[in-house]
Every structure is written in structure tokens, then in C-alpha cells.
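A.B. asks: The structure is given below, and queries will be raised subsequently.
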Amino acid sequence: MELRPLGKTGLVVSAIGFGGAPIGLQNYLSADDRDSPEVRAEAIEAIRLAVSLGINYFDTAPGYGDGRSEAILGEALDGVRDRILLATKYPCGEAWNPEDATAKLHASLVRLHTGHVDVLQLHGGTFTDTQADSIVARAVLDWADRMRAAGLCRFTGITAEGPSGALERLLATGRFDVLEIQYNLLYQATCDYQREPNGIAVFARALGMGVTAMRPATSGLLQRIMATAFPDLDGDALTRLAVNFVMSTPEIDCAVVGMRSTSEVRKNAALAADRSLRMNLRDVHRRYVTERSESD
Numbered sequence: 010m011e012l013r014p015l016g017k018t019g020l021v022v023s024a025i026g027f028g029g030a031p032i033g034l035q036n037y038l039s040a041d042d043r044d045s046p047e048v049r050a051e052a053i054e055a056i057r058l059a060v061s062l063g064i065n066y067f068d069t070a071p072g073y074g075d076g077r078s079e080a081i082l083g084e085a086l087d088g089v090r091d092r093i094l095l096a097t098k099y100p101c102g103e104a105w106n107p108e109d110a111t112a113k114l115h116a117s118l119v120r121l122h123t124g125h126v127d128v129l130q131l132h133g134g135t136f137t138d139t140q141a142d143s144i145v146a147r148a149v150l151d152w153a154d155r156m157r158a159a160g161l162c163r164f165t166g167i168t169a170e171g172p173s174g175a176l177e178r179l180l181a182t183g184r185f186d187v188l189e190i191q192y193n194l195l196y197q198a199t200c201d202y203q204r205e206p207n208g209i210a211v212f213a214r215a216l217g218m219g220v221t222a223m224r225p226a227t228s229g230l231l232q233r234i235m236a237t238a239f240p241d242l243d244g245d246a247l248t249r250l251a252v253n254f255v256m257s258t259p260e261i262d263c264a265v266v267g268m269r270s271t272s273e274v275r276k277n278a279a280l281a282a283d284r285s286l287r288m289n290l291r292d293v294h295r296r297y298v299t300e301r302s303e304s305d
């Protein structure tokens, strides 16, 4: 398994992480009943297989099925906590208050069967200026720092669906250690290689932050788009291409792939282990030929 430093945290993460949304959210990417004993057992087997194959970063949230994802991960990871890194999130809506947030974090830790998480992330969408102002004014980040001081998390982070000026302002406070953001073949604004690498991921790295990517496989959107024009195209091959593209981006420390089955885990772990497959994104985006052929 390829391992990478997570920014300046000192943590070392697998190139592919295990995303916990598909094991917790009903009807997310499949119609299988997440409360079915068979589906739950399959998820637990997949998580344990991921650990055995070297995947060490597990990302979840209390909002993934009202704690279902955290509870499944907690059960599956019992006995291997010292071998893995856990990241979860906390919501910050209009009704947020520190007492309620602390109680909910303790509930997350109970479900995860641990006394602390390695990364505690503010669970965000596409941040607006109003939201950023509210987060700062309500001292949300001060609360997160207190959770770290209390030993309930080792590092703090923030998640976002995409870049915005408000997100950049929040990162510029220097209060976060890790950024998790949507980045894939369809949504490349996070780290744009059209000319020189630029974007919010580059900015975060300049601040010393670790950067993880959500939805590296596009949540199946790329595959569905391509299937409309090329119905015989291999969907698995497209998924491997999409995930490898994200792992090939130097600014991304970990591609967090939502997984639910052992077959998915095996394919993703093999992809992460084969560094020969990585692309040179500068070469991919090159527009001008620099050498003439002998026949010219």
C-alpha cells in the first residue's frame, strides 16, 4: 500500500481511504437496506479486509445514516484501533451550540468504540460568506480546539463540496489541519492543472494542511454520463481511471472512496498499491509540442 504524509500533521495515510457514506446512508448508490443483517455483515467484512490490505484511513460522519456508519465502523474496527486513523465530522447548522456539539461528539466516540478520533472535521457544503462569518462569530473553531485540548481529537479539519471565497477565508484563519473536498475528473476546480496547479487544494497545501478528496469516483456520475453514449464501456475501468486520476494529483494526500463490499475494497487496494499506474498530470495537460519529429 502506498503511504503518504497528511500535510504537517505527522500522520501517514494510505493513498486510498475508506469512505463511510455508502455503509450508512439508505439508498446512497444502491437500494440495499443498510439495516439488513446481511448488508451490515458485508460492510463489516469489507472494512476488516481494508485494514488487512493496508488501508488505514477511515472517514465517516454522524450524518451518514443517523450514526449508522459510525456504529458499523466501530464494530468492525474493534481490536485494530492502533493500526488505523479515524476521521469523523460534526455539523454546524443554525442551531449549533457548544454543549450540544460536545454531547454529540461523545455519542460519536461511543459508536466508534474509541476515546478519540484522529481528525475531527466541520461538516460543510459549499460555504457562503454568511456561513463563514457565523462560524467565526459563534466561536465554533474555539470549541473544536477545546475538543483537541481535551484529548477527544488529535487534529481538526473542514469538509466542503467545492471551493469558494468563504472557504478560503476559513482556511486562512490557520485553525484547520486537514481539508476534505470534492475533487475528481468532473470537478477539477479544487486543483486545476490547466496551466500551473492552482486552486483551493494548492492553497491548503501552502498552509501546511493535509488534503483528502471526497467522491474521487464521482459517485458514479462519470460512469452514467459515459454509458449514455457508450453503453458497452467498462464501468469498472472508468472507476479505476477516475480514482487513479485523483491519486495521481500531488496535492491530494488521500482519495477517500466510498466502499461497501469486499470486491470494491480489493480493486481499490490493488489500484493504490500499483504506483506504476499513476499519471503525470503536467504531461496530460500539455498543449504544445516541444520537440519536432525528424520528418519535419
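Here the sequence shown is numbered in the working numbering, starting from 10 and rising by one per residue. C-beta: ideal position from N, C-alpha, C; glycine also.
Do you know how far the Cα of A226 is from the Cα of G76?
C.D. replies: On the sequence shown, position 67 is the one that residue 76 refers to. On the sequence shown, position 217 is the one that residue 226 refers to. Approximately 24 Å, taken between the alpha carbons.
A.B. asks: Rounded to a whole number of angstroms, what is the C-alpha to C-alpha distance between V266 and I56?
C.D. replies: In the sequence shown, counting from the first residue as 1, residue 266 sits at position 257. In the sequence shown, counting from the first residue as 1, residue 56 sits at position 47. Roughly 12 Å separates the two Cα atoms.
A.B. asks: Rounded to whole angstroms, what is the Cα-Cα separation between H125 and A159?
C.D. replies: The count along the sequence shown starts at 1 and reaches residue 125 at position 116. The count along the sequence shown starts at 1 and reaches residue 159 at position 150. Taking the straight line from one Cα to the other gives about 10 Å.
A.B. asks: Taking only the alpha-carbon atoms, compute the straight-line gap between A236 and L242 and give it to the nearest angstrom.
C.D. replies: What you label residue 236 is simply residue 227 of the sequence shown in a count that begins at 1. What you label residue 242 is simply residue 233 of the sequence shown in a count that begins at 1. Rounded to the nearest angstrom, the two C-alpha atoms are 7 Å apart.
A.B. asks: Quick check: what's the CA-CA separation for F239 versus I81?
C.D. replies: Within the sequence shown, numbered from 1, the residue matching residue 239 stands at position 230. Within the sequence shown, numbered from 1, the residue matching residue 81 stands at position 72. Going by the C-alpha atoms only, they are around 37 Å apart.
A.B. asks: Closer than 8 Å by C-beta to W152: which residues in its own chain qualify, once you throw out the five before and the five after it? Chain order, please.
C.D. replies: For the purposes of this step, residue 152 is taken as the residue at position 143 of the sequence shown. Contacts found: P107, A110 and T111.
A.B. asks: Residue range of the alpha helix (DSSP H) that S272 falls in?
C.D. replies: As a first step, residue 272 is located in the sequence shown; it is residue number 263 there, counting from the start. Unbroken alpha helix (DSSP H) run through S272: T271 to A282.
A.B. asks: Identify every residue that forms a DSSP beta bridge with D68.
C.D. replies: Taking the sequence shown and counting its residues from 1, one reaches residue 68 at position 59. In the DSSP output, where bridge partners are listed per residue, D68 has G28 and A96.
A.B. asks: Could you tell me if M10 is buried or exposed, where buried requires 16 or more neighbouring beta carbons within 10 angstroms of its beta carbon?
C.D. replies: Counted from its first residue, the sequence shown places residue 10 at position 1. Flag for M10 reads exposed.
A.B. asks: Does Y73 pass the burial test, meaning 16 or more other C-beta atoms within 10 Å, or should it be called exposed?
C.D. replies: One-based indexing of the sequence shown puts residue 73 at position 64. Result: buried.
A.B. asks: Return the residue from the list I209, G229 and V255 that minimises the CA-CA distance to D245.
C.D. replies: Along the sequence shown, one-based indexing puts residue 245 at 236. Residue G229 is the option with its Cα nearest to D245.
A.B. asks: Along the chain, where does the alpha helix (DSSP H) that runs through R291 open and close?
C.D. replies: Numbered from 1 along the sequence shown, position 282 holds the residue referred to as residue 291. Taken as a continuous stretch (DSSP letters only), the alpha helix (DSSP H) holding R291 covers L290 to V293.
A.B. asks: Are the segment 159 to 171 and the segment 251 to 269 touching by the rule of at least three beta carbon pairs closer than 8 Å?
C.D. replies: no
A.B. asks: Would you call the CB atoms of N277 and I25 closer than 8 Å?
C.D. replies: Sequence index remark: in the sequence shown, residue 277 carries index 268 (1-based). Sequence index remark: in the sequence shown, residue 25 carries index 16 (1-based). The beta carbons of N277 and I25 sit closer together than 8 Å.
A.B. asks: For S61 and Y297, I'd like the C-alpha separation in whole angstroms.
C.D. replies: Position 52 of the sequence shown, counting from 1, holds the residue named residue 61. Position 288 of the sequence shown, counting from 1, holds the residue named residue 297. Each residue's Cα considered, the two are about 45 Å apart.
A.B. asks: Is the separation between the beta-carbon of I261 and that of A210 shorter than 8 Å?
C.D. replies: On the sequence shown, position 252 is the one that residue 261 refers to. On the sequence shown, position 201 is the one that residue 210 refers to. Yes, the pair counts as a contact, with Cβ atoms nearer than the cut-off.
A.B. asks: Please work out which residues of its chain come closer than 6 Å, Cβ to Cβ, to M256, disregarding the five sequence neighbours upstream and downstream, and give them in chain order.
C.D. replies: Here residue 256 refers to the residue found at position 247 of the sequence shown. So the list reads A24 and A264, once near-sequence residues are dropped.
A.B. asks: Given R178, which residues of its chain have a CB within under 6 Å of its CB, disregarding the five upstream and five downstream residues?
C.D. replies: By 1-based counting over the sequence shown, the position of residue 178 is 169. So the list reads A141, once near-sequence residues are dropped.
A.B. asks: Thinking C-alpha only, which one of F27, V21, M156 and F164 is nearest T275?
C.D. replies: In the sequence shown, residue 275 corresponds to position 266, counting from 1. Position check: residue 275 holds Arg in this sequence, whereas Thr was assumed. When each option's Cα is compared against that of R275, the closest is F27.
A.B. asks: I'd like to know if A159 contacts chain D, where contact means its C-beta is closer than 8 Å to some C-beta of that chain.
C.D. replies: Absence of chain D from the displayed structure is noted, only one protein chain being present.
A.B. asks: Tell me the DSSP bridge mates of V187?
C.D. replies: Working through the sequence shown from its first residue, we reach residue 187 at position 178. Bridge partners of V187: G166 and G219.
A.B. asks: Taking 8 Å as the cut-off, decide whether the C-beta atoms of T168 and H115 are in contact.
C.D. replies: Counting from one through the sequence shown, the residue named residue 168 turns up at place 159. Counting from one through the sequence shown, the residue named residue 115 turns up at place 106. Cβ atoms of T168 and H115: not closer than 8 Å.
A.B. asks: Excluding the five sequence neighbours on either side, which residues of its own chain have a C-beta within less than 7 Å of the C-beta of L95, listed in chain order?
C.D. replies: Within the sequence shown, residue 95 is the residue found at index 86, counting from 1. Hits under 7 Å: F67, L121, T123, V126 and D127.
A.B. asks: What's the gap between the Cα of G166 and the Cα of S272?
C.D. replies: Numbered from 1 along the sequence shown, position 157 holds the residue referred to as residue 166. Numbered from 1 along the sequence shown, position 263 holds the residue referred to as residue 272. One C-alpha to the other measures close to 30 Å.
A.B. asks: In angstroms with no decimal places, state the Cα-to-Cα distance between H42 and A30.
C.D. replies: For the purposes of this step, residue 42 is taken as residue 33 along the sequence shown, with counting starting at 1. For the purposes of this step, residue 30 is taken as residue 21 along the sequence shown, with counting starting at 1. Checking the sequence shown, residue 42 turns out to be Asp, not His. Each residue's Cα considered, the two are about 14 Å apart.
A.B. asks: Verify whether the separation of the beta carbon atoms of G171 and Y202 is less than 8 Å.
C.D. replies: The count along the sequence shown starts at 1 and reaches residue 171 at position 162. The count along the sequence shown starts at 1 and reaches residue 202 at position 193. Not a contact, by the Cβ cut-off of 8 Å.
A.B. asks: Please identify the residue among T69, G83, A213 and L38 whose C-alpha is closest to the C-alpha of E54.
C.D. replies: As a position in the sequence shown, residue 54 is number 45, starting the count at 1. That would be G83, whose Cα lies nearest to the Cα of E54.
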